[in-house]
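Asker: Below you will find the structure I want to go over with you.
Protein chains in written order, with this note's numbering: chain H, 3 to 666; chain D, 278 to 762; chain Z, 23 to 566; chain F, 6 to 172; chain Y, -17 to 82.
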């Protein structure tokens, strides 16, 4: 089965080619959607096979590399088109293909009747292929293909409604921001490659080889440089501070895209990458701290913005940013397993949330369309009380919301709580751990708040849609609800895979599974970890309880503000108008970037072109020509036509020549 | 004292000259009895005569015969230049008829005068005595004064003749004064003897009389080759003279000037090479720069070509300043190819121009490229060759000239030279711009290309392109020609 | 067929002779014959490709006496090696496409146009295969002439200015190179070299001062052609004014002359000077990358934008070449090919819309995707190829360049250059968005036709190459690798940096594991030239 | 005595030369030039070259100057018309001054070759100047002599072509 | 016989005066006369040198120069006449339609 790993990305590629090249001719939506969905489902099957095979192997043999064909061999540099199968990539392919299949299925219903139906499925398949390359790549360069490939697909899918200017802008923004990250990725790659090569004559970018040689890496220094660069790459892809602004804008794409790319898979690539190279990252305490701090900051920062958004998808988007922050926080405190675990659970519940919101929007859109209203189908202020009209959507949505809020028993609780606990108890960052935990907890509070705000505004209370449209609101078709239900279930129970040891009920399968992957990282980390008094179980229980309380407080607040006392938010806004405006406008980060980078770049470009290129560079060139022409004019008019002038010139020539030799 | 016994002389060295002189005189006679108006056959006869002379010249290759007690010599150097003169004259003869007919001054005396000019030039190239060279120069010049003013009904032609004459005789004054000083300083007018005497001097460069004589002589020849600052007659005379004569003047006399100057400096004054190199260095730079830069702002095509001709003298002077085998053989090659390309270019100018030379501006070339593509392509070849773009003879020539300078260590001279070439590209391109990239301003008149002109064009194109692609044989001849100096 | 190289080179000339006999009104025949000639040339060049052995030798050599006069001996000395092979193939590959691209665009003076194209092809091929410096120079200059006419006759509004600028700019540089070439010859003569054969001069040991001057002269000529900042201003003009085929050829092949010149001539002939000037040239290259990207960003004319993007791309090539290691130079070579394909394709694309709308202003377009989906797809693929998306050709070259440069002493330059990756995405996507996305609000655009079969046929080979080279560059790299290795070995005579030794020594001497806690020996700022690549010594520790 | 004579002649020569370039009327200039030529002829006599003196008088003063005067008369030219270019005189004088200066320095500092030839004053007296000239001309300088004939032919043809009323 | 240098200086002065004349006079014929004066100055040098050196070459040269002068005079005056026929002037300022 391992040998067939190349089939996993191949199937979506085939799907992409069929739909991309012939989709326009096929026209039949069922066929197109069927091909797209089946292809990714086949991949899922192969992934399952691989997973099964891997489970059957002893942990130390759970690594397999498959070279498909040689790619770039040049000098010392060698990069093959090769795939790496290990527990980590297994988790990822399962998530990608699994969630991917569901979302494909969902899209058949959701995208029904769209003009570029075939285009959508082609892109979606292409995305899956890229994502699979990313997670399966056995060297940094294959990973980078996927890395950029998902960026491309994200670009294509965000710009799916290309006739909308905002979609085009968002797509471009996404790609460019990702490119900023790629810049970091490349520099990191170069640094690592060069350091190993020039110092140890190991010229490699292969993960396994780097892993084998990772003991040669120093702590800090060059590793810090390299990992920080990689981390820049991760921030771009995973929408962390400072490169997060593209993700909310990316909601311009169709909702399944948001679910698949901007929640479940692509945006987690940064986390995956850090996990993949944990043995390098861990060697730089500085980087780890930066990751943790950035992660925590992003978590709280995005959460604050999430509290004030009215667009249903935007709330989810900021929530995603915030949750990604959690994952980075986990990575930063060395809790790689927890990070990956949260990645997985997040994929479940966030995909479910997005799909659910898609279902709502779909229904809203349909209803509004029927009454020819131009109201925004995504604005929560137009919704309310939808739970009756859309029960399945409501239930799955609620389950996922509970999961994300960290209510015990649901998947989010296990992963999130582990992160919080690890950030508190980690031994890497000294006294910073309290702060990290505090921020994490605060973010959890906000998460619970805005997520329930979302639920309350959407599904509870008065129905604020125009009354005549009300009758058109109805539950979505099965093709949409089935994925919702599957994901809802996963969101609910997925967490039991990685139940913390402290519960003592189930073994932490997830941790055991990933142990061979992060073993080395833990070993390296222990070199500089400050082994203080080991935090007691009591403390762990206490903190767990505290986080549950926090979640409940958040839910309660939301309930108060949006169900019981609906005028409270208005009052709040009236009391702190500046704060609200700042939060509502996403802390003006976009404007800041425009001010700092975009506008200066354009202005500089204008200046360089009009001011430098044309005036100075070309001016010098033309200036030389003009000077020569001017001299030409002078010479020309010296040719006066008078014989005596000519004779004078001759005589002068003679006199000067003679004079030179006589008086020299 | 006994009777003067006329010495027995070997006539071989001046056989071509004799043939041409006799032919010229015969033509003068034939002209008198020629049927009225029909002068074309004179051109054919002259052309045949020139070919015969060329054959005679060719048979002299490889010889080294001194004759007339050292007044004249037949050697490869002279032979090479004689071929160049004959090429120039042959082409000029071919392109004259149509033009002269159109301008209404088709006097039969034209051809004898051209032939006499050639005789004068040949004497300059083969003369080894200051007197021979001087007389050759004068035969050439006097003929040219007449040829420049040949179209006597035309004011421009009058003026050209007059200017050329006055300035020419002015320069002759300097030349003679220089010769006098050389004579005084060395006691002889025979070049070989001068060489011996100068060679015996302890420090010839300290003898200011010798150096001054050299400089003054250089002045005289610099005038003929149109080197700055003795070039100022060139544009005016070239513009005013009948176009075929301009073509001839730009190729023949320039080559003759170089021939004489080369022989003088390399045979008689090689010991002063440091001095004359220095001067030629400066002259070369001045000439190239003035010629090229002034040409940039010209509109009259004959003036453009005149300034270009000045510039080309400058390039040749670069090789001369180097004074080594590479540079001097480059001059020989260059002069020969220049004869082809420049006369070719003037031939096109003749064809495009209308009666009274009213069509002499670059603007009048507008649209030529597609109305008369063959003429335009031919012109383009000449222009590229003049600009020194490979694979044309002009490039190879320039290459050897600049290579000579580099070999001698005059790298900056070569650099100035190439920069000048680049600047020159502008005005050559300008003509092409009009030919190909502008629409004609007025209706294009169909120009009839007569057989002789067509023949001339074919020869000129062949002479421009073939040496550009396979220059080896001509270059080897040029090398041999300068080796014996 | 021992003289297949000559055959390839001069086939187009035969084509010219053929064209001369075709009346100028039968435009279709003229076009088809030209196309046939270029296709045949391409097919013949495939013989070279298939017969080429992947080793460092010059192959298909022909060497016959040509000029011998005075101190000079020039020979008709031609051959290909791994470096020139691909450029030859690129040329022959691009030519049919260029011809095909003008089937409808050029309606006037077709005969002359086709003759220009064919002459140009011979000139370009000749320059790539010449091993005789003089012969190279001849072809180098010959190329100018047809290109000059193509811009000047079939160009746009400002064609004359552009054509003359192009010609004189290039000529200034190349003439200085000519002087250097002569000087080099005489230097060689002192050392017993008897002809202009390039390979003779490689063994020539020149002193530093001489090398510097000669290198500067060569570098100047090539820098104009590349074009490197700040000598690039002829390019936007030439590109904007040239007809589509002209732009395609200019971008795809002519610009490569400059970079090829560096690889083939300037660097191996004067390695010490090249090393000395590497920082300067890298600086200019990097400035070019950033500068051109910024300027491209604000262009209003699509073609000008693509022209500026060329400047940026070739900046990458220069950076790679001056890394002086296998990765960098291979990357540079690949990038030359990639740029030929991608930018060529971009110019074709610009040509397509220009033919339809007779405008190239970005503001005149918008929302074309709706009307022209095939066009949009192709445009997008090419855009991403130009941006250097992995999987397309653009990536492989760019990556290797940056990798190679990073390994070399040009580390800091590389970091700046890498940011060009971001900028290229910005301007390319921006133009793509403004042209293809958005509302289709201009009524003139609403009736645009999508690409026709001919146009698709033009683009398909390019698209195939875009992906082929991106996904499987091995055949390309394999064929050029030995030649590049040889070149690198040849160039690596640079003065050994004193700092290199300790690094090696330290890593060898220190007991394993000790280093893990110490500071890294290879601090990013430190000079650690890639010279250590050559050292086969493997730390026993690494074997694990 | 001879020195005095030389000085007087020189004075006359210079004065007449200056007159040539200052007289407004070309006829006067021509007459002054003839005077200069006579002075030169006198010098030739002093330099033991009586034949040259004779030729000088015949060719220059006689033929050429007559031709010129004739032309002046023919064209009926009077005085120099305008005075537009007064700066010419300044430039001309400067050039002239430097020419004189340069030439004199050349003459004074330069070294003429030592007398080598057989033709001393006594020999010329003995054989006669004319004969010696003739001997040289028909032996050593035969070719130039012959060439002069062509030159004169060219001049004749040219003059006819250019000046004849009707050809 | 006087000192060689006296004659040479005399020659130089005449030559210079001739040059000045060419540069300053307007009448074409007078200019030509000045040229003749320059030639004569050269002649004087030749004869003086010839006498000093004791060989006849210089004098022979002078002989040829005179011939040349005659020939030039013929052609030159013919040119002047031809010019006059067209322009009715022999003012050198009028010999300037071609310039620049």
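Note that beta-carbon positions come from the ideal geometry of N, C-alpha and C, so glycine has one too.
Return the Cβ separation of residue 615/H and residue 317/Z in integer angstroms, given the expectation that the two are a contact with Cβ distance under 8 angstroms.
Answerer: Rounded, the Cβ-Cβ distance is 6 angstroms, consistent with contact.
Asker: Spatial neighbours of residue 80/Y within its chain, please: CB distance less than 6 angstroms, with the 5 preceding and 5 following residues excluded, ordered by chain position.
Answerer: Result list for residue 80/Y: empty, nothing under 6 angstroms.
Asker: In chain order, which continuous runs of the beta strand (DSSP E) of length 3 or greater are located wholly inside the stretch 439 to 498 of chain D?
Answerer: Fully enclosed beta strand (DSSP E) runs of 3 or longer: not present.
Asker: Taking residue 72/H as part of the beta strand (DSSP E), name the residues at either end of that continuous run.
Answerer: Start and end: 66 to 76.
Asker: Quick check on the burial criterion: 16 or more other C-beta atoms within 10 angstroms. Buried or exposed for residue 662/H?
Answerer: Flag for residue 662/H reads exposed.
Asker: By Cβ distance, which residues of its chain are closer than 7 angstroms to residue 21/H, with the 5 residues on each side in sequence left out?
Answerer: Cβ within range, chain order: 34, 37, 38, 120, 123, 124 and 127.
Asker: Would you check if the distance between the CB atom of residue -9/Y and the CB atom of residue 109/F is smaller than 7 angstroms?
Answerer: Yes. Within cutoff.
Asker: Would you identify the three-state DSSP class for residue 344/D, choosing helix, strand or coil?
Answerer: Here residue 344/D sits in strand by DSSP.
Asker: Mapping DSSP to helix, strand and coil, what is residue 232/Z?
Answerer: Correct three-state label for residue 232/Z: helix.
Asker: Note down, in chain order, each residue of its chain lying with its Cβ closer than 8 angstroms to the Cβ of residue 3/Y, except the 5 sequence neighbours on either side.
Answerer: For residue 3/Y, where only same-chain residues beyond five positions count, the Cβ hits under 8 angstroms are 12, 13, 15, 16 and 19.
Asker: Tell me which same chain residues have a C-beta within less than 8 angstroms of the C-beta of residue 565/H, skipping the five on either side of it?
Answerer: Only 458, 462 and 463 meet the Cβ criterion.
Asker: Can you tell me where the beta strand (DSSP E) with residue 83/H in it begins and where it stops?
Answerer: Residues 79 to 87.
Asker: So residue 430/D and residue 441/D are in contact, right, with Cβ under 8 angstroms, and what is the actual spacing, rounded?
Answerer: About 18 angstroms; that fails the 8 angstroms criterion.
Asker: Following the continuous beta strand (DSSP E) through residue 99/Z, name the residue where it begins and the one where it ends.
Answerer: Taken as a continuous stretch (DSSP letters only), the beta strand (DSSP E) holding residue 99/Z covers 94 to 102.
Asker: Does any residue of chain Z bring its CB to less than 7 angstroms from the CB of residue 2/H?
Answerer: Outside the modelled stretch of chain H, which goes from 3 to 666, sits residue 2/H, for which no answer is possible.
Asker: With 7 angstroms set as the bound, which would you pick, yes or no: does the beta-carbon of residue 155/F sit closer than that to a beta-carbon of chain Y?
Answerer: Judged by the 7 angstroms Cβ criterion, residue 155/F is not in contact with chain Y.
Asker: Give the list of continuous alpha helix (DSSP H) stretches no shorter than 4 residues that lie fully inside the stretch 565 to 653 of chain H.
Answerer: Within the stretch 565 to 653 of chain H, the complete alpha helix (DSSP H) runs of at least 4 residues are 570 to 577, 579 to 586, 591 to 595, 601 to 608 and 620 to 640.
Asker: Classify residue -7/Y as buried or exposed, calling it buried when 16 or more other Cβ atoms lie within 10 Å of its own Cβ.
Answerer: Buried, because 16 or more other Cβ atoms sit within 10 Å of the Cβ of residue -7/Y.
Asker: Going along the chain, which residues of its own chain have a beta-carbon closer than 6 angstroms to the beta-carbon of residue 588/H, five neighbours each way excluded?
Answerer: Only 307 meet the Cβ criterion.
Asker: Just the Cα atoms here: how many angstroms apart are residue 94/Z and residue 614/D?
Answerer: Their Cα atoms are separated by approximately 19 angstroms.
Asker: Compute the distance between the beta-carbons of residue 24/Y and residue 453/D, then report whether it is under 7 angstroms.
Answerer: Their beta carbons are under 7 angstroms apart, which means residue 24/Y touches residue 453/D by this criterion.
Asker: Would you identify the three-state DSSP class for residue 286/H, choosing helix, strand or coil?
Answerer: Correct three-state label for residue 286/H: coil.
Asker: I'd like to know if residue 419/D contacts chain Y, where contact means its C-beta is closer than 7 angstroms to some C-beta of that chain.
Answerer: So yes, residue 419/D belongs to the interface.
Asker: Between 32/H, 47/H, 25/H and 18/H, which has its C-alpha nearest residue 10/H's C-alpha?
Answerer: Among 32/H, 47/H, 25/H and 18/H, the Cα nearest to that of residue 10/H is on 47/H.
Asker: Should residue 524/Z be labelled buried (16 or more other beta-carbon atoms within 10 Å of its own) or exposed?
Answerer: In this prediction, residue 524/Z has a pLDDT of 41, which is less than 50 and means its spatial position is unreliable; what the coordinates show is noted afterwards. So residue 524/Z counts as exposed.
Asker: Do residue 590/D and residue 504/D have their C-beta atoms within less than 7 angstroms of each other?
Answerer: Going by C-beta atoms, residue 590/D is nearer than 7 angstroms to residue 504/D.
Asker: Could you tell me the distance, in whole angstroms, from the CA atom of residue 423/Z to the CA atom of residue 411/Z?
Answerer: Approximately 15 angstroms between the Cα atoms of the pair.
Asker: Is residue 408/D close to chain Y, meaning its C-beta is less than 7 angstroms from at least one C-beta of that chain?
Answerer: So yes, residue 408/D belongs to the interface.
Asker: Please confirm if the stretch 301 to 317 of chain D is in contact with the stretch 387 to 394 of chain D, defined as three or more CB-CB distances below 8 angstroms between the two stretches.
Answerer: Yes: the two stretches touch, three or more of their Cβ pairs being nearer than 8 angstroms.
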